[in-house]
Amino acid sequence: MSKASSLRPKSAVQTPQRRKAGYKVAGTTADGVDILQPKAKPSHFTVREIRTALRKLPRTGLAGHVLAE
Amino acid sequence: MPDSRDVFVNCPFDDAYRPLFHAIVFTIVRSGFVPRCALETDDGAENRFNKICDIIGQCRFGVHDISRTECDGSPPLPRFNMPLELGLYLGAKKFGADGQNRKSCIIFDREQYRYQRYISDIAGQDIHAHSGNTAVLIEHLAAWLRHRSRDRKVPGGRVMAQEFEVFQATLPVLLQGHQLDPAEITFGDYTAILVQYLTQG
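Quick note, the sequences are listed as chains Y and G, same order. Mind the numbering: the first sequence is residues 2 to 70 in my numbering, read in order. Mind the numbering: the second sequence is residues 3 to 203 in my numbering, read in order.
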C-alpha cells in the first residue's frame with residue numbers, strides 16, 4: 002500500500018439515511034467520524050455521477066492517490 | 003436555536019483564496035460538521051444580505067477569515083465584507099434569542115496581531131494566524147472544532163492536512179470526465195464530491 006493511498010480516510014460503514022441530531026449521515030469513516038449530508042446541492046453533476054467517477058478511479062490507473070487497499 | 007453542527011464560513015471566494023477556502027470546507031466536512039456559506043444557493047432573486055443573515059442564524063459555529071481586509075483597486079479601498087459578516091455573527095451571538103448566545107467562532111488573519119490596526123474592537127478575541135498556509139489553517143481549525151464541540155472524534159489536523167493534499171490532487175482526475183477544471187466547480191459540487199469521496203468504500 003502506498004503512502005498516498007493510506008491517506009484516504011477509509012469509509013467503514015455505508016448507512017443509508019441514518020440520522021444524527023436531525024442531520025442525515027452519508028457514511029462513517031474508519032476512525033468513527035459521521036460524515037453528514039451537505040445542505041448545498043451539486044450543480045454540474047448528480048451524486049450518482051460522482052459515485053460512478055469515484056468507482057472508476059482505481060481501474061483507470063490515473064488514481065494513484067486514492068486507491069484503496 | 004442554531005443547528006449544532008452547522009458551520010458558517012466567512013471568507014473570500016476568489017481564485018487566489020480558493021485553496022484556503024477548500025481547506026476550510028474539507029476540515030469541516032472531515033470533522034463531521036456541515037459547511038454553510040453564501041455560495042450555497044445561486045439565486046439572483048434572493049437578497050444576498052438576507053441570505054447571509056439566515057445562514058448565520060442557523061449556525062452554531064463560525065469560521066471567519068479577515069486576512070483580505072486590505073486596500074485594493076483605484077482608488078485603493080479596503081474590502082469590508084468579511085469584517086461586516088464577522089460583526090453580524092458577533093451581533094447575533096450578543097443579541098440573538100433562542101440559543102444564539104451559544105454561538106462560537108474562530109477568526110483567522112495572515113498575522114496574529116495585524117487586526118489591531120484596522121479592527122481593534124475585537125481585541126480580546128483569539129485571532130489565529132494561518133500565514134496563507136493550508137496546513138496551518140487546517141491544524142488550527144481542527145483543534146478548535148474538537149475543543150469547542152467537545153467532540154473527541156474530530157481527527158488530528160496534521161493527518162487531515164495530508165488527506166486534504168491527496169484529495170486536492172485527486173479532484174482534477176475526478177472532473178476529467180466532465181471536462182471541468184476545479185476552478186469551475188461550485189461550492190455544492192465541491193462538498194458533494196468530498197462527502198462521496200470520504201464515504202465511498
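Ideal placement from N, C-alpha and C gives every residue a C-beta, glycine not left out.
Query                                                                                                                                                                                       : Result
Should A31 (chain Y) go down as buried or exposed, given a rule of 16 or more other Cβ atoms within 10 Å for buried?                                                                        : exposed
Residues of chain G with a CB under 8 Å from the CB of R19 (chain Y): which are they?                                                                                                       : None at all; the shortest Cβ gap to chain G is about 11 Å.
Just to confirm the assignment, what range does the beta strand (DSSP E) spanning T30 (chain Y) have?                                                                                       : 24-30
How far does the beta strand (DSSP E) with D191 (chain G) in it extend, from its first residue to its last?                                                                                 : That residue, D191 (chain G), is in no beta strand (DSSP E); its alpha helix (DSSP H) goes 189-201.
Buried or exposed, going by whether 16 or more other CB atoms sit within 10 Å of the CB of T193 (chain G)?                                                                                  : buried
Mapping the DSSP letters down to three states, classify H45 (chain Y) as helix, strand or coil.                                                                                             : coil
Measuring straight from C-alpha to C-alpha, what distance separates C55 (chain G) and A40 (chain G)?                                                                                        : 9 Å
Here's the rule: buried if 16 or more other CB atoms are within 10 angstroms of the residue's CB, otherwise exposed. What is E72 (chain G)?                                                 : exposed
Output the boundary residues of the alpha helix (DSSP H) element that contains I58 (chain G).                                                                                               : 50-60
Among the candidates Y:L55, Y:L37, Y:P43, whose CA atom is the shortest distance from the CA of E186 (chain G)?                                                                             : Y:P43
Measure the Cβ-Cβ separation of G59 (chain G) and P4 (chain G) and say whether it is below 8 Å.                                                                                             : yes
According to a CB-to-CB cut-off of less than 8 Å, which residues of the region 11-36 of chain G neighbour chain Y?                                                                          : V31, R32, S33, G34, F35, V36
What residue does the beta strand (DSSP E) around L139 (chain G) start on, and which one ends it?                                                                                           : No beta strand (DSSP E) holds L139 (chain G); the alpha helix (DSSP H) holding it covers 136-151.
Return helix, strand or coil for F63 (chain G), following the three-state DSSP convention.                                                                                                  : strand
If you run the structure through DSSP and keep just helix, strand and coil, what is H180 (chain G)?                                                                                         : helix
Assess contact between the region 175-182 of chain G and the region 131-149 of chain G, defined as three or more Cβ pairs (one per stretch) separated by less than 8 Å. Is contact present? : no
For Y120 (chain G), which of G:S76, G:A145, G:K105, G:S69 has the nearest alpha-carbon?                                                                                                     : G:S69
Which word fits N52 (chain G), buried or exposed, when buried means at least 16 other C-beta atoms lie within 10 angstroms of its C-beta?                                                   : exposed
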